[in-house]
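This report refers to the structure that appears directly beneath it.
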Amino acid sequence: MRSTAATIAGSVLALFVLVAVFGPLLVPYDNVTTRMADRLLPPGSTLSEGGFALLGTDQHGRDVLAQVVAGSRVSLLVAVTVVVVGGFVGLVLGLLAGYYGGWTDTVISRLGDMQLAFPSILLAILLAGVLGPSLTNVIIALAVTRWVIFARVVRGSALTTRNREFVDSARVMGASDVRIMARYILPSCVQPLLVAATVQVGLTMVAEAALSFLGLGVPIDQASWGSTIANGRDYLDSAWWIAAVPGLALTLVVICVGVLGDAARDDSDPAKSSGLGRKPLRRRKAGTPAAGSTAAETTGDSTQAVAR
Numbered sequence: 049m050r051s052t053a054a055t056i057a058g059s060v061l062a063l064f065v066l067v068a069v070f071g072p073l074l075v076p077y078d079n080v081t082t083r084m085a086d087r088l089l090p091p092g093s094t095l096s097e098g099g100f101a102l103l104g105t106d107q108h109g110r111d112v113l114a115q116v117v118a119g120s121r122v123s124l125l126v127a128v129t130v131v132v133v134g135g136f137v138g139l140v141l142g143l144l145a146g147y148y149g150g151w152t153d154t155v156i157s158r159l160g161d162m163q164l165a166f167p168s169i170l171l172a173i174l175l176a177g178v179l180g181p182s183l184t185n186v187i188i189a190l191a192v193t194r195w196v197i198f199a200r201v202v203r204g205s206a207l208t209t210r211n212r213e214f215v216d217s218a219r220v221m222g223a224s225d226v227r228i229m230a231r232y233i234l235p236s237c238v239q240p241l242l243v244a245a246t247v248q249v250g251l252t253m254v255a256e257a258a259l260s261f262l263g264l265g266v267p268i269d270q271a272s273w274g275s276t277i278a279n280g281r282d283y284l285d286s287a288w289w290i291a292a293v294p295g296l297a298l299t300l301v302v303i304c305v306g307v308l309g310d311a312a313r314d315d316s317d318p319a320k321s322s323g324l325g326r327k328p329l330r331r332r333k334a335g336t337p338a339a340g341s342t343a344a345e346t347t348g349d350s351t352q353a354v355a356r
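All residue numbers for the sequence shown refer to the working numbering, where the first residue is 49 and numbers rise by one.
Listed below in structure tokens is the structure:
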């Protein structure tokens, strides 16, 4: 069941990536151009120019399908860039904290603890509000809130690896700290780092949509799932498709990312992936005392058997 769910989730995400990359080339409508003659058309309507609005239009006559496709590209670009930038910063700081320890670990860990004490979405809203609405500023604001997650994951792996025998052997052979971290510590951090990155992709998409919903995300001339949902919140009773379609797309993608993240986490756990986490039940042999029986009961049973 878990493998089937992961396969379905991977297929949906592969389709999402294809739509984000090639979708704007296939959809013949501009997601920014307004056509007031075609405003609030339901799904399946014919446009005034003779086109076909598969998912309807919004209050400005813009095609909802074109906005969803263009918004998928923005969501994918922001999520991947934020995870790469935040993951790289967290990887470097986590390696330094886990390998050196001491005051280096204390400074980096306390800095991360102070940031985690502040809700990440509020910090992103604060940074985006100060920097202004821009695709680059959204990436910066979200990357600042994500590095600490990767740093803690890498730090934990580095702490468990730095005292292994092969690391001590490398030190004895005169290997530099950079070489030890790059060749011996880093490989042990890759798998948990990838698991964390998979989970953070979905969370970053939600955060980007939240910023765009509040008007702090991408500019108004760029489509985003969050801004499209915000445009349709006043028309839920008459034109529900404006907010429902991008909302369903965001929900589906985030759920699929979460399923893949859970599958990757289970695969990284040797006990779960090999089935060693469960202890097999042993059948009790005849004459063997059951678990929980007292010594007196066992002795009494033996005495009765001898008397017979």
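Where a beta carbon is used, it is the ideal one built from N, C-alpha and C, also for glycine. Only a predicted model underlies this, so the values are computations on that prediction, with no experimental measurement involved.
- The three-state secondary structure of residue 111, taken from DSSP, is strand.
- Looking from the CA of residue 243, the closest CA among 135, 178 and 217 belongs to 135.
- Distance from residue 82 to residue 99 at the Cβ level is roughly 15 Å; contact not present, criterion being Cβ atoms closer than 8 Å.
- Taking 8 Å as the cut-off, the beta carbon of residue 175 is found no closer than this to the beta carbon of residue 196.
- For residue 229, the CB contacts under 7 Å within the same chain, skipping 5 residues up- and downstream, are 143 and 147 in chain order.
- Here residue 271 carries a coil assignment [DSSP, helix/strand/coil].
- Between the alpha carbons of residue 245 and residue 122 lies a distance of about 18 Å.
- The residue among 133, 238 and 289 with its C-alpha nearest the C-alpha of residue 313 is 238.
- Judged by DSSP secondary structure, residue 216 falls within the alpha helix (DSSP H) whose first and last residues are 213-220.
- Scanning 253, 84, 278 and 88 for the CA closest to the CA of residue 172 turns up 253.
- Beta-bridge analysis with DSSP links residue 101 to 93.
- With a cut-off of 8 Å on Cβ pairs, the segment 215-224 is not in contact with the segment 177-189, counting fewer than three such pairs.
- At the C-beta level, residue 119 and residue 276 come within 8 Å of one another.
- Nearest Cα to residue 289 within the set 306, 151 and 105: 105.
- Close CB contacts of residue 255 within its chain, under the 7 Å cut and outside five residues either way in sequence, are with 169, 172 and 190 (chain order).
- For residue 87, no alpha helix (DSSP H) encloses it, and the DSSP letter there is neither H nor E.
- In this structure, the beta-carbon distance from residue 57 to residue 308 falls below 8 Å.
- For residue 155, the enclosing alpha helix (DSSP H) covers residues 150-164.
- Spanning the alpha carbons of residue 268 and residue 127 requires a straight line of approximately 19 Å.
- According to the DSSP assignment, residue 288 belongs to no alpha helix (DSSP H), since it is labelled neither H nor E.
- Between the alpha carbons of residue 306 and residue 300 lies a distance of about 10 Å.
- Across the set 286, 303 and 162, the C-alpha of 286 shows the shortest separation from the C-alpha of residue 107.
- Closest in alpha carbon position to residue 251, among 262, 154 and 124, is 124.
- With fewer than 16 other Cβ atoms from the protein chains shown falling within 10 Å of its own Cβ, residue 227 counts as exposed.
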